[in-house]
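As structure tokens, the structure follows; a few thoughts come after it.
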Amino acid sequence: MPITDDQFASLQFDGYSWDGRLSTEWMPSPIEFIIHSDEFTGQDYETLSAETKEYVGKVADLNRNSFTELELYLFRHYQQSIFLKIYPECEYAPRIATASDLWTIVSEPSILIPSLTGRQSEKVGFYTLFDCSWDPEHGFAVEHNIDFTPQSVVGSDQCCY
Numbered sequence: 004m005p006i007t008d009d010q011f012a013s014l015q016f017d018g019y020s021w022d023g024r025l026s027t028e029w030m031p032s033p034i035e036f037i038i039h040s041d042e043f044t045g046q047d048y049e050t051l052s053a054e055t056k057e058y059v060g061k062v063a064d065l066n067r068n069s070f071t072e073l074e075l076y077l078f079r080h081y082q083q084s085i086f087l088k089i090y091p092e093c094e095y096a097p098r099i100a101t102a103s104d105l106w107t108i109v110s111e112p113s114i115l116i117p118s119l120t121g122r123q124s125e126k127v128g129f130y131t132l133f134d135c136s137w138d139p140e141h142g143f144a145v146e147h148n149i150d151f152t153p154q155s156v157v158g159s160d161q162c163c164y
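Per my numbering: the sequence shown = residues 4 to 164.
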């Protein structure tokens with residue numbers, strides 16, 4: 004299901020990025036997308052390149068298996084890094100038994116798609132942003148490579164905002 008110009012028309016431009024809710028194949032309801040404009044490509048900030056529009060469509064079309072892969076990746080990270088190392092005795096980072104238990108301490112995701120220049124230079128395809136119980140002020144992000152695979156967990160302040 005490619006993203007259509009009608010769907011892009013529902014996004015709001017804030018002077019730097021496009022923001023709004025789009026439907027995806029991998030979440031039951033529309034989720035927030037933040038799409039950085041394609042600066043430095045010879046186009047004005049208010050224009051999204053055909054390549055960026057196509058990439059947004061590919062991210063939205065990721066199937067449920069991609070979401071399951073992300074969920075398992077987050078679960079492993081949480082168990083190994085957050086629960087055991089950073090917050091072993093913290094009520095805000097409770098023990099969880101399964102990957103699906105994550106959703107009791109992590110918010111619905113938002114998607115941040117860097118500009119075309121950012122995707123090419125940083126080799127980051129997109130970020131999945133989350134609020135979480137153990138760091139409600141900052142949250143965290145999962146960095147996905149250009150081919151959509153989760154590659155690292157970073158602080159939300161380390162994304163290319």
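Ideal Cβ positions, reconstructed from N, Cα and C, are used throughout, including at glycine.
Which partner residues of residue i appear in the DSSP bridge assignment?
i: R24; result: E35
i: I155; result: The amino acid occupying residue 155 in the given sequence is Ser; Ile does not appear at that position. Paired residue(s): E146.
i: C135; result: V109
i: I99; result: Paired residue(s): none; I99 is not in a bridge.
i: L51; result: Paired residues: none, contrary to the question.
Is residue i buried or exposed, if buried means 16 or more other CB atoms sit within 10 Å of its CB?
i: S118; result: buried
i: Y19; result: exposed
i: P139; result: exposed
i: A166; result: A question about residue 166 goes unanswered here, because the residues of the chain that appear run from 4 up to 164.
i: A63; result: buried
i: P31; result: exposed
i: Q10; result: buried
Where does the unbroken beta strand (DSSP E) through residue i begin, and where does it stop?
i: N148; result: F143 to N148
Starting from the C-beta of residue i, find all residues in its chain whose C-beta is less than 7 Å away, skip the five residues before and the five after it, and write them out in chain order.
i: S69; result: W29 and F151
i: K126; result: N148 and I149
i: E146; result: V127, Y130, Q154, S155 and V157
i: K61; result: none
Please work out which residues of its chain come closer than 6 Å, Cβ to Cβ, to residue i, disregarding the five sequence neighbours upstream and downstream, and give them in chain order.
i: S136; result: Y95 and I108
So, is the C-beta of residue i closer than 7 Å to a C-beta in chain E?
i: I99; result: The structure shown contains no chain E, having only a single protein chain.
In chain order, what residues of the same chain have a beta carbon less than 8 Å from the beta carbon of residue i, not counting five sequence neighbours either side?
i: N66; result: E28 and W29
i: S110; result: F133, D134, C135 and G142
i: Y74; result: The residue you asked about is not Tyr; residue 74 is Glu in the sequence shown. Excluding sequence neighbours, E74 sits near A102, S103 and L105.
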